[in-house]
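Residue numbers (this note's numbering), protein chains in the order written: chain L, 93 to 225; chain Y, 93 to 225. For every residue, glycine included, the Cβ atom is placed at its ideal position computed from N, Cα and C.
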């Protein structure tokens with residue numbers, strides 16, 4: 093069977109060069125993804141939430157350019173590749189149960205595609221804290 | 093058909109008193125959930141990632157006690173109810189595409205069930221930044 097006979101992949105986690113010791117720590121969702129919380133190095137601001145599979149994490153760790161899996165476009169996405177709003181990776185941590193990453197970056201320009209510094213720019217109303225007093 | 097004829101729900105988003113204007117902003121996953129990034133008010137540290145359905149968000153906004161949906165236990169979970177490590181909610185923001193929340197809290201004690209201050213305590217190795225220079 094030649095390569096052209098292979099069925100088109102339906103985002104199965106593809107073979108990745110991710111360090112097996114790191115891969116073993118991950119607890120992926122049914123689509124092979126973990127959540128990536130992105131934080132700005134200098135300000136500590138939480139910028140956005142995105143998703144990574146093993147290969148996106150491998151690329152992020154080895155290129156120091158934040159790379160995600162786009163669920164809507166079903167493709168890898170190097171942040172800033174089209175916008176110029178690059179994320180230069182300073183550090184990456186995994187959480188206690190392996191289903192979330194914290195990616196600390198130097199953010200060039202606006203993190204959000206709407207042009208705001210972070211994606212979390214709409215505050216929701218929280219009740220009066222009368223019961224706290 | 094009487095109420096007792098209704099099939100048992102399989103965590104369908106249950107009727108919630110969440111403000112319909114807020115509910116309309118949310119873009120839930122197939123389980124009716126959005127991701128909640130939790131940040132400490134004083135330090136700005138990212139503490140953990142959890143999940144909310146409409147009712148968990150409603151309870152969080154109206155009681156000011158961070159309340160999540162536990163995917164493993166399939167029940168609501170008021171952070172600190174058993175551990176005493178309460179999260180007193182200062183603010184909640186929704187992101188640009190409605191699938192993530194940023195919950196800013198005053199954290200009592202350790203956020204992580206392992207006893208560490210945050211759940212993101214395992215750093216992953218990032219390549220040498222030679223290419224950045």
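Residue-chain proximity (residue 170 of chain Y, chain L), Cβ-Cβ < 8 Å: no
Residue 119 of chain Y at chain L interface by Cβ criterion, 8 Å: no
Cβ neighbour criterion (16 or more within 10 Å) applied to residue 146 of chain L: buried
Pair within 8 Å by beta-carbon distance, residue 129 of chain L and residue 138 of chain L: yes
Beta carbon proximity, residue 138 of chain L to chain Y, threshold 8 Å: yes
DSSP state of residue 153 of chain L mapped onto helix, strand, coil: helix
Residue range of the alpha helix (DSSP H) that includes residue 51 of chain L: As displayed, chain L neither begins before 93 nor continues past 225, which places residue 51 of chain L out of reach and without an answer.
Test: residue 109 of chain L CB closer than 8 Å to a CB of chain Y: no
Residue environment, residue 135 of chain L, which counts as buried when at least 16 other CB atoms sit within 10 Å: exposed
Chain L contact for residue 206 of chain Y (CB, 8 Å cutoff): yes
Members of the stretch 185–202 of chain L that neighbour chain Y once the beta carbon cut-off is set at 7 Å: 185, 186, 187, 188, 192 and 194
Start-to-end residues for the beta strand (DSSP E) that takes in residue 192 of chain Y: 192–199
Below-8 Å beta-carbon distance, residue 151 of chain L vs any chain Y residue: no
Reference residue 192 of chain L, options L:107, L:109, L:111 and L:117, closest by Cα: L:117
Residue span of the beta strand (DSSP E) that contains residue 116 of chain L, given as start and end: It is not in any beta strand (DSSP E) - residue 116 of chain L carries neither H nor E in the DSSP assignment.
Where residue 187 of chain L falls, given that 16 or more other Cβ within 10 Å makes a residue buried: buried
According to DSSP, residues forming a beta bridge with residue 214 of chain L: Y:186
8 Å Cβ shell around residue 200 of chain L - same chain, five flanking residues per side excluded: 172, 176, 177, 178, 179 and 180
Anticipated Cβ contact below 8 Å, residue 213 of chain Y with residue 185 of chain L, distance rounded: 7 Å
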